[in-house]
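The next block holds one structure in the form of structure tokens; read it before the comments.
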Amino acid sequence: MLRRDPRLLKLPPYLSFLCIVVGVVWLLMLPLDQYSRRTYISENALLPGQVHTYFSGSDQNVFRAYRHEIDALKNRTNTEANDELEKIFKGIGLKVGRQNYTYHSSGNTYAGENIYAILQAPRGDATEAIVLIAAWKNIEGQFNRNGLPLALSLTRYFRRWSLWSKDIILVVPPDSTAGTQAWVDAYHDAHDPSHVASLPIKSGALQGAIAIDYAQESRFESVHIIYDGVNGQLPNLDLINSVVNIASGQMGMGSALQGIWKHSQQYDDNLKTVLRGMLNQALGHSTGPHSSFIPYHVDAITLQPVGQGWHDEMGLGRLIEGLFRSLNNLLEKLHQSFFFYLLIHKHRFVSIGTYLPSAMLIASNFTIMAIALWVKSGYREPDAAANKQANHDRHWTRQAAREEEEARLIAAATAAAERDVLLPLTFVAACQFAGVVPLFIFNQTPTSLLAPAFTLFSLFNIGLPYLASYFLTAGVRPPTAQQYMLIRSFSLLLLGMFLSSLATLNFSLAFMIGLLASPLSFARPWGSSAPTPTSTASTTSTTDIMRYVHATLLHVVSPPTVLLVSSLLGGVPLGRVLEEAAFGWNIWGMYTPLVVWCVWWPAWLVGQVVVLGRPPAPSENGKPKRA
Amino acid sequence: MRCFPSYLIPFFLLFWTAVASDYYERLILKPLPQSNLLASFNFKSNTNLSQFEAHNFRYFPRSLGQILQHVGTRELHLRFSLGRWDAESWGRRPWDGTKEGGTGVELWAWLEADTDEEADRKWRSLTNALSGLFCASLNFIDETRTTRPVISFQPEGTHPDSSLANMQLLHGVLPREVVCTENLTPFLKLLPCKGKAGISSLLDGHKLFDASWQSMAIDIRPLCLNGEECVLQIEQTIDMVLDIERSKRPRDNPIPRPPPAHDLKCNSTKPYHSGDTCFPTDFLEGQEWALDQVFGKPIKGACPLTGPDATPVCFVAPLSRDIYTTAGATEIKDSNGVTRCYKIPSDADFSMILPRMSREGEQAKSDADEMVKPETPLLYAERSFTGHGQERGGVRTILTNPSPDYEVEFVYMESLPWFMRIYLHTLRTQINNGASGHNKDVIEEIYYRPALDRTRGTQLELRMRIPPASAVFLTYDFEKSILRYTEYPPDANRGFDVAAAIITILPSTVPNAPYARAITSNLRTTTLLLSLPTPDFSMPYNVIIFTSTAIALAFGGLYNILIRRFVGADEGPDVSVSGLKGRIVATIITLSRKIKGAKGKLD
């Protein structure tokens, strides 16, 4: 009978390995044209590129004047610059509000003052609004020299139209990270009043936000669409499609995604776009001033002119005008198109139904192993070889011996064993809660101490599994092989559960953590084959060597090592990465650190302890050897 | 019903002149800051109550009169509004806010009814009739949108005590109704001169609905003055704020193209000022317009029904403002020093030209010469949603009393849809008056009528008092209900409009208060857009398709099994070889098989 076939229990590791392989291959297939779809405008009300745009001519004179004004404010303090901006806004006839904020993260203080102006829709009733963002500094800290004057002259131009159905809010934060977050939090009254001031004036529900990041001095060739939001949330695909449509169809501009300026639309560039998109999504960081809006279900993108071409700032202005006219047409919130997608290039995308299985397969590999281990832990261990020898004396005929042996093996393999779950549960729970410690350390340590703290933690992290393993085995009742199995089972079950639910929220993060944690599926104690009286010292030392080799290999995929290696590969100093992570956690509400330290790290720790574990042989009466 | 309050008496003094003649019309023009112009059109027609009851309508519109008689309406107020009044720059509202409604359509009326059921029935037929008359979706004012305000509204007309007893007030709002030209046409038809002559000839849908703020009002009330016969008065009001720059654009070319560079008004004192760099000075130049320019046409003579002494056009600005009028008009200066009224000829077009007054040179003029400084309103109100997400939310209203000396007492009324379930226990007020820290409760009285699902909305009336120079934050939380699939309106993802809160400022009880404080005035907040959890509407169709397929498969198979009788192949009659036809068919089949077999071998 298949059900009682002992081979069935040997299957799960292969199955789970297959899941991982299929998951990765699946992802690599996505950039092929057969598995992606062409983008299309789903919301008919948008009508992108269907209007004439008139932002040109003498408005350029105004733009130049505003640029002179902004240049003069470059070296002033935030408040002084905002005083001048307020005068300009009032001159245009806008309602002006200002907001102070002070954030603390990693011992640094991020303080500033946002200024914003509301262009009240001439016939509107303050029920809806569209946001135009022009930060003083872009995400890289460059002075947004052309973007800010462009936003000003556009707003002045917009005031001349009476067709707006939504208010237009021009937000000028001092930076692209903290300022927008403070503003959008306060707009939705989700702010902490002790750090962020409330907004003095408000408008209606935000229907979309466009940020201009135009620090480049020269004319440009194409417009870079930055769309990743905090925690990997994405704006509605219709918004991106509209920009691509208006830029290429009406303005003759190119558009670029994920920092790939020249896209060949071939497999390698497609894959590169997908992987960069996934990396941004997995990091969950803010990629522009628009990012903070997306968690509030406000579809937002940043437009960044790139390359050397013949388009000038008025061209970008007309693109934004066209986009605003499209958004203005919206009767409903953007809801028609996709919110979960991977863009391959500007005209092709993969939707969630196609890409999700790859992350789910990887997450399910853990679940499969966990269930297999749970089942396996319920079987009684085949008796030690010592028994076998004793049996040999009793049975003289070979035939009878074989029959007896088979019957005994089947009985042993299918016999139920009592599971001792207290120790495994406690241990796994303790490891999970221990994740809070690094989370706390890395989010509360001052910037200057972050890198040293990381070094210390990494060193401690190398020793920690040995220490944990020592304490686990040194007790009066060291864990048995079954308990090790249960420890693995619980840990993998949690990991599989976390990752499969995370995959629906942030596919890329789940995929990457799943891939990095996949060796944990195969972590097993190396002492589990019980030493028999006949076993020699050499086999014992081989197991020891294997154990330490395995442990070292697992160290390669430990969270600190991966962090260190990726910061070296990415060329970003480690301290900066940690500072950014802490900033994200404290200010944006970015949950990547939580996933790393409270999902991945505990699973890794348990895996490592299991590899180092030496379950006692049943014949040894609970007297284990110590490492 | 309360007894008739004494504070309404000043109203009657105002109406005195109106009652004297049978038809009256007046356009008041008032320049506002930042190149805006307030135009208030006011039309009044009277008819004797006895004549009205005898179906002799005269100046009173017959179509409306018959509806009123049919449903026993004692007093009726109808408002169509669009846009918002910018109190911060434009100051006090025209008519102290008494002749405007919240965004959309607002209707309230006192009906003669002995029971609630009778009132509801009459109200339904009134809304249906008005809906047809004004081309507005007034028939959508059902019981969930109807409230019976208790302390917010008082009758404006004179009603004998006997009829006060059986008068019921009903109030309904349609915040989503878009007011447009189809509402203006029936409105103009009610006028005796029907937009052909008099000030109403200026009214044009293109200009009216391009205005930054506009409100159309109809008030019908009985008025009785001592020693005279009671009259029924219909007062029609249109207020609009025109953006002068926008209105001056020619009708055939309304696109705001960038002006030629030499036409830009630049600040030439800037060091970088040059031919291709211009710092704009948009509002510093002062206004320059003509009546026929901003309205697109001149006044086509006076309406002959107004009488020879009528001054239908008035202009409110300091007397230092230069005005030129077309020939035949007579200027009459009002004693208050800021108003000039014009008697206009009945047989010639009338227009006014207001030239630009130079802001430079020896006779430099300032804003103070061009317009009356806007008066500070008694109260500012701003309402917005707080929170985010699909489950619950909150409403925050900021009510600011700008006056340093007077406290302001008012009734704040919200009528909320039933799917916005408010938690009354979360109703909080927080007073923010800077130095003086006394935080006495600002809410004096609460009238609350909770919502019933799908039957009626929430009605919340609060009588509040705000001390001088302080702001009150009024907040409450609510829960969003999940609607049934069919209850969502078209374009459900837009959200649901929540009607404006109505604020009725009660007359000050302080002796010798200024006139503006001694009367009742109104203001309304903006409407809100409530987003409810909205299903993916394609999903039900998917479900229908899936279930239909499943049922078709299951039903088909089951039906087949149930209906068909199964017999063994050898048990049944041999269909294939029985009879001549069967034999022929069998022969053909065997033949064709043989031929096919032969072909197969050949291949």
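Respectively, the protein sequence lines represent chains A and B.
Heads up: take any position in the first sequence, counting from 1, add 36, and you land on our numbering.
The second sequence: position 113 = 110 (our numbering), numbered continuously.
A virtual CB, placed ideally from N, CA and C, is assigned to each residue, including glycine.
Rounded straight-line distance, which links the Cα of residue j to that of residue i
| i | j | result |
| --- | --- | --- |
| residue 306/A | residue 322/A | 23 angstroms |
| residue 325/B | residue 275/B | 44 angstroms |
| residue 545/B | residue 555/B | 15 angstroms |
| residue 185/A | residue 496/B | 38 angstroms |
| residue 487/B | residue 243/A | 18 angstroms |
| residue 276/A | residue 294/B | 45 angstroms |
| residue 187/B | residue 59/B | 8 angstroms |
| residue 114/B | residue 142/B | 16 angstroms |
| residue 4/B | residue 90/A | With a pLDDT of 41 at residue 4/B, under the threshold of 50, the predicted position of this residue should be treated as unreliable, and no value is reported. |
| residue 159/A | residue 327/B | 35 angstroms |
| residue 622/A | residue 215/A | 14 angstroms |
| residue 432/B | residue 336/B | Legend: pLDDT at residue 432/B = 45, less than 50; position of this residue unreliable, value from coordinates given subsequently. In a straight line, the C-alpha of residue 432/B is about 40 angstroms away from that of residue 336/B. |
| residue 280/A | residue 332/A | 24 angstroms |
| residue 499/A | residue 318/A | 29 angstroms |
| residue 656/A | residue 650/A | Reliability of the predicted coordinates at residue 656/A is poor, the pLDDT of 42 falling under 50, and no value is obtained from them. |
| residue 424/B | residue 175/B | 31 angstroms |
| residue 168/A | residue 633/A | 36 angstroms |
| residue 422/B | residue 473/B | 8 angstroms |
C-beta neighbour in chain A for residue i, strict 8 angstroms
| i | result |
| --- | --- |
| residue 290/B | no |
| residue 239/B | no |
| residue 142/B | no |
| residue 100/B | yes |
C-beta neighbour in chain B for residue i, strict 8 angstroms
| i | result |
| --- | --- |
| residue 120/A | no |
| residue 540/A | no |
| residue 286/A | no |
| residue 368/A | yes |
| residue 623/A | no |
| residue 218/A | no |
| residue 129/A | yes |
| residue 226/A | yes |
Local Cβ density within 10 Å of residue i, reported as buried at 16 or more and exposed below that
| i | result |
| --- | --- |
| residue 536/B | exposed |
| residue 112/A | exposed |
| residue 411/B | buried |
| residue 297/A | exposed |
| residue 377/A | buried |
| residue 387/B | exposed |
| residue 420/B | exposed |
| residue 346/A | exposed |
| residue 8/A | The requested residue 8/A is not part of the displayed model; chain A covers only 37 to 663. |
| residue 333/B | exposed |
| residue 304/B | exposed |
Residues from the stretch 380 to 410 of chain B in contact with chain A, defined by Cβ distance under 8 angstroms: 381, 382, 383, 384, 385, 391, 393
Near-chain B residues of the stretch 71 to 101 of chain A (beta-carbon distance less than 7 angstroms), N- to C-terminal order: 90, 92, 93, 94, 95, 97, 98, 100, 101
Residues, ordered as in the chain, of the stretch 248 to 270 of chain B that lie near chain A by beta-carbon distance below 9 angstroms: 251, 252, 253, 254, 255, 256, 257, 258, 259, 260, 261, 263, 264, 267, 268, 269, 270
Within 7 angstroms of chain A by C-beta, residues of the stretch 513 to 538 of chain B in sequence order: 523, 524, 525, 526, 528
Ranges of the alpha helix (DSSP H) found wholly within the stretch 94 to 137 of chain B, counting only runs of at least 4: 113 to 131
Under 9 angstroms (Cβ pairs) to chain B, residues found in the stretch 149 to 171 of chain A: 156, 157, 158, 159, 160, 161, 162, 163, 164
Runs of alpha helix (DSSP H) wholly within the stretch 329 to 388 of chain A (minimum 4 residues, chain order): 349 to 365
Residues within the stretch 250 to 270 of chain A neighbouring chain B, beta-carbon criterion of under 8 angstroms: none
Chain-ordered residues of the stretch 273 to 288 of chain B with a beta carbon less than 9 angstroms from chain A: 273, 274, 275, 276, 277, 278, 279, 280, 281
Against chain A: residues of the stretch 445 to 456 of chain B by CB proximity under 8 angstroms: none
Near-chain C residues of the stretch 181 to 211 of chain B (beta-carbon distance less than 9 angstroms), N- to C-terminal order: Within the model displayed, chain C is absent; protein chains A and B are what it includes.
4 or more residues per run - each alpha helix (DSSP H) lying fully within the stretch 506 to 587 of chain B: 535 to 560
Contact residues within the stretch 296 to 329 of chain B, judged by C-beta distance below 7 angstroms to chain A: none
Residues of the stretch 184 to 197 of chain A whose Cβ lies closer than 8 angstroms to any Cβ of chain B, in chain order: 192, 193, 196, 197
Every unbroken alpha helix (DSSP H) within the stretch 239 to 321 of chain B, with a cutoff of 4 residues, ordered by chain: 241 to 244, 288 to 291
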